[in-house]
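Enquirer: Encoded as structure tokens, here's the structure I'll be asking about.
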Amino acid sequence: MENHSLVQRLIARPEFGPFVLLVVEIAVFWSFNHDFLSPQNISNTLAFTVELGLIALAMTLLMTSGEFDLSVGSLFGFSPVLMWTLFNSGLTSLEVGFVAALLVAAFIGLVNGWFVTQLKIPSFLVTLGMLLVVRGTALFVTDGFPQRTWSAEGSWLAEVLVGDFFIGSFRIYMSLFWFIAAAIGLGYVLTQSRTGNWIQAAGGNPNAARARGVNVSGVKIGLFVLSSVMASLAGVISSLRTSAANPNSGTGYELEVIAMVVIGGTALTGGRGTIIGTVLGILILRVMRNGIVLIGVPGLAYNIFIGAIILGMMALHSWLERRHQAGT
Amino acid sequence: MAEPLIRMTNIRKSYGRVQALEDANFHVNEREIVGLLGDNGAGKSTLIKVLSGAVPLTSGDIFIRGKKVSLRSTSDAIAHGIETIYQDSALVTQLSIARNLFLGREPIKPPRFLNRMDQDAMNTVARDLLKQVGISKNIPPTTPIGSLSGGERQAVAIARAMHFDSDLIILDEPTNNLGVAETQGVLSFVRNARDSGHSCIFIAHNIHHVFQVVDRIVVMRRGKVVADDIDPKKTSVAEVERIITGMSDKEIRDAIADGKPSH
């Protein structure tokens, strides 16, 4: 295996397929409409991409450990609602409301993790239940109405999370840097750190990991907390950027995020995960959504393309996996 | 006589009304390979599960070098130097050889707060270990377990037990589904482990494999140890088969004539 050429090894990587797909996608959209690569379009696409991306990064680690989280979309909507409700009612400052929202999210992650690891209930059922509890709470607290959000102007929290500036004609939001930092940090954890080895072992063969003294439950609970906190952070960032806190926002994001992660090459069954792949998966889906609108395909047709991409990439990953198992 | 490495006395284990072990007595000496034989349901798996901490015993005592121990979990057993290798369950197929070897005990590069694995050190040790255990092929330590053969996986699991100074390595059916050459490889890994100071318990359905490698044979029948000092050099396979089945010579001949396998 060592004498395989560099090119062969590159092609064998799970990230190779998604990378090619992204390049093709960009080339096709650009050839149809040159505005696709205009600074304004790139800035607009990136702004929301990184918000969803934060959730996908955390989900990558969770899925590598063999679990997933359907409650992220509801937390994306609930956390900003909680923060603004606390602030608008005069109970706390915006910053304290933010910390409170993250703490509540962490607690929700803890509950998810506890149900999955201690009561041995599949994460699908646990987080589906939690999705309904959290979304229901957001709707109940707000009577279904969006919260007042206009008073974030001048808050240092808003500056740190979503402050923007221009590089040439590119409008860059601070959230991009948070996303890059999270991608590097979590990529490091997954591939370089001891924790990363445990995450992969927990997803690959939990019994073997447990027998070696790895705290599989602890690892999984930690990742459920991370997933909830990142979804909460993403929701707050999105809310500050768009000046909106709608209890319904984030609906359906859980599936889009899981799609991003699996397209990137992370195994739904656990044991194998890639942050680089997830970053590519995030870009593939967001570029697709933006591109098909730009070239004039009706936005309602978006899901047809997403579904086709998921099926195509799964076929590719499964083929690569079989080649890999065969030792070629 | 010196105190054996492992001594299990009057071990009883019942699953509801089923008595899987009835006052079983068993021991393993230092630097010894013990072959544990018995028909299906004889109790050898249960005995091994008790010793590896996978199931709790109903009553009885376990001593390690004369000291009484209680093995409540598999990690308890590992902490006491008892490593059990099941054919497929001991390794994480997605991880590399080196990462499997050090799973749970990964060396950390300074500064410690970065929690960074010392992958170079892991790979170097893994390379040496693979050589020591007797793998002749040049397999890079970064190879995922998933692309190794059954025999090579056994070698990695044995190498891990050797590296972390397990006193006792329990091999449950290590030669199942292996080809002739691979089986010989695994048998030589086991001998290498003994020669470097480890004791082994070897369980296999194939008596001939057991005869090739063990120093002493123990036979179980119906939850009891019925023979525990069979010398494979002085005993024939047929004799051991008789003890396993509890049949007379004639009964075995008749059984073979009826087309039933004798083991």
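So the sequence lines, in the order shown, correspond to chains X and S.
Final position of the first sequence in this note's numbering is 368; the numbers increase by one with none missing.
Final position of the second sequence in this note's numbering is 1274; the numbers increase by one with none missing.
Even for Gly, the Cβ is constructed at its ideal location relative to N, Cα and C.
Since we're looking at a predicted model, the values are computed, not measured.
Looking only at its chain, what residues have a beta carbon closer than 8 Å to the beta carbon of residue 1116 (chain S), apart from the 5 residues adjacent to it on each side?
Expert: Listed in chain order, the non-local C-beta contacts of residue 1116 (chain S) below 8 Å within the same chain comprise 1175, local neighbours out to five positions each way being set aside.
Enquirer: When we look at the beta-carbon of residue 1037 (chain S) and count the other beta-carbons within 10 Å, is it buried (16 or more) or exposed?
Expert: buried
Enquirer: Would you call the CB atoms of residue 357 (chain X) and residue 54 (chain X) closer than 8 Å?
Expert: yes
Enquirer: Enumerate in chain order the residues of its own chain whose CB-to-CB distance from residue 301 (chain X) is below 7 Å, with the five nearest sequence positions on each side excluded.
Expert: 96, 99, 100, 103, 318, 321
Enquirer: Would you call residue 1081 (chain S) buried or exposed, if buried means 16 or more other Cβ atoms sit within 10 Å of its Cβ?
Expert: exposed
Enquirer: Residues of chain X with CB under 9 Å from residue 1192 (chain S), in chain order?
Expert: Listed along chain X, no residue sits closer than 9 Å to residue 1192 (chain S) by beta-carbon distance, the nearest being about 17 Å off.
Enquirer: Which residues mark the beginning and the end of the alpha helix (DSSP H) in which residue 222 (chain X) is found?
Expert: 214-231
Enquirer: Pairs of beta-carbons, one from the stretch 301-310 of chain X and one from the stretch 143-163 of chain X, closer than 8 Å: are there three or more?
Expert: Proximity of the stretch 301-310 of chain X to the stretch 143-163 of chain X falls short of the contact definition, fewer than three beta-carbon pairs being nearer than 8 Å.
Enquirer: Any beta carbon from chain S within less than 8 Å of residue 311 (chain X)'s own beta carbon?
Expert: With 8 Å as the cut-off, residue 311 (chain X) counts as an interface residue toward chain S.
Enquirer: Determine, for residue 1165 (chain S), whether the minimum Cβ-Cβ distance to residues of chain X falls below 8 Å.
Expert: No - not a single Cβ of chain X is within 8 Å of the one on residue 1165 (chain S).
Enquirer: Buried or exposed: residue 1207 (chain S), going by 16 or more other Cβ atoms within 10 Å of its Cβ?
Expert: exposed
Enquirer: Report the residue ranges of all beta strand (DSSP E) runs contained in full by the stretch 262-288 of chain X; include only those spanning at least 3 residues, in chain order.
Expert: none
Enquirer: By the 10 Å Cβ neighbour count, where 16 or more other Cβ atoms means buried, how is residue 1105 (chain S) classified, buried or exposed?
Expert: buried
Enquirer: Taking the alpha carbon of residue 236 (chain X) as the point to measure from, which residue in X:256, X:221, X:159, X:247 has its own alpha carbon closest?
Expert: X:256
Enquirer: Going by C-alpha distance, which of X:273, X:362, X:325 is nearest residue 118 (chain X)?
Expert: The residue with the shortest Cα to Cα distance from residue 118 (chain X) is X:273.
Enquirer: Between the C-alpha atoms of residue 144 (chain X) and residue 170 (chain X), what's the straight-line distance to the nearest angstrom?
Expert: 13 Å
Enquirer: Does the stretch 104-114 of chain X come within contact of the stretch 283-303 of chain X, defined as at least 3 CB pairs closer than 8 Å?
Expert: yes
Enquirer: Whether or not the stretch 1200-1220 of chain S and the stretch 1171-1185 of chain S are in contact is what I'm after, with contact meaning three or more pairs of Cβ atoms, one per stretch, closer than 8 Å; do they touch?
Expert: yes
Enquirer: Cutting at 6 Å between CB atoms, please list the residues of its own chain near residue 120 (chain X), excluding the five before and the five after it.
Expert: 275, 276, 279, 285
Enquirer: Quick check: the Cα distance between residue 194 (chain X) and residue 215 (chain X), rounded to an integer number of angstroms?
Expert: For residue 194 (chain X) and residue 215 (chain X), the gap between their C-alpha atoms comes out near 17 Å.
Enquirer: Does any residue of chain X bring its CB to less than 8 Å from the CB of residue 1119 (chain S)?
Expert: yes
Enquirer: Counting contacts by CB-CB distance shorter than 8 Å, is residue 52 (chain X) in contact with chain S?
Expert: no
Enquirer: Identify the contact partners of residue 232 (chain X) in chain S, using a Cβ-Cβ distance below 7 Å as the criterion.
Expert: 1127, 1128
Enquirer: Can you give me the C-alpha to C-alpha distance between residue 1035 (chain S) and residue 1202 (chain S), rounded to a whole angstrom?
Expert: 27 Å
Enquirer: Report the rounded CA-to-CA distance for residue 182 (chain X) versus residue 176 (chain X), giving the unit in angstroms.
Expert: 10 Å
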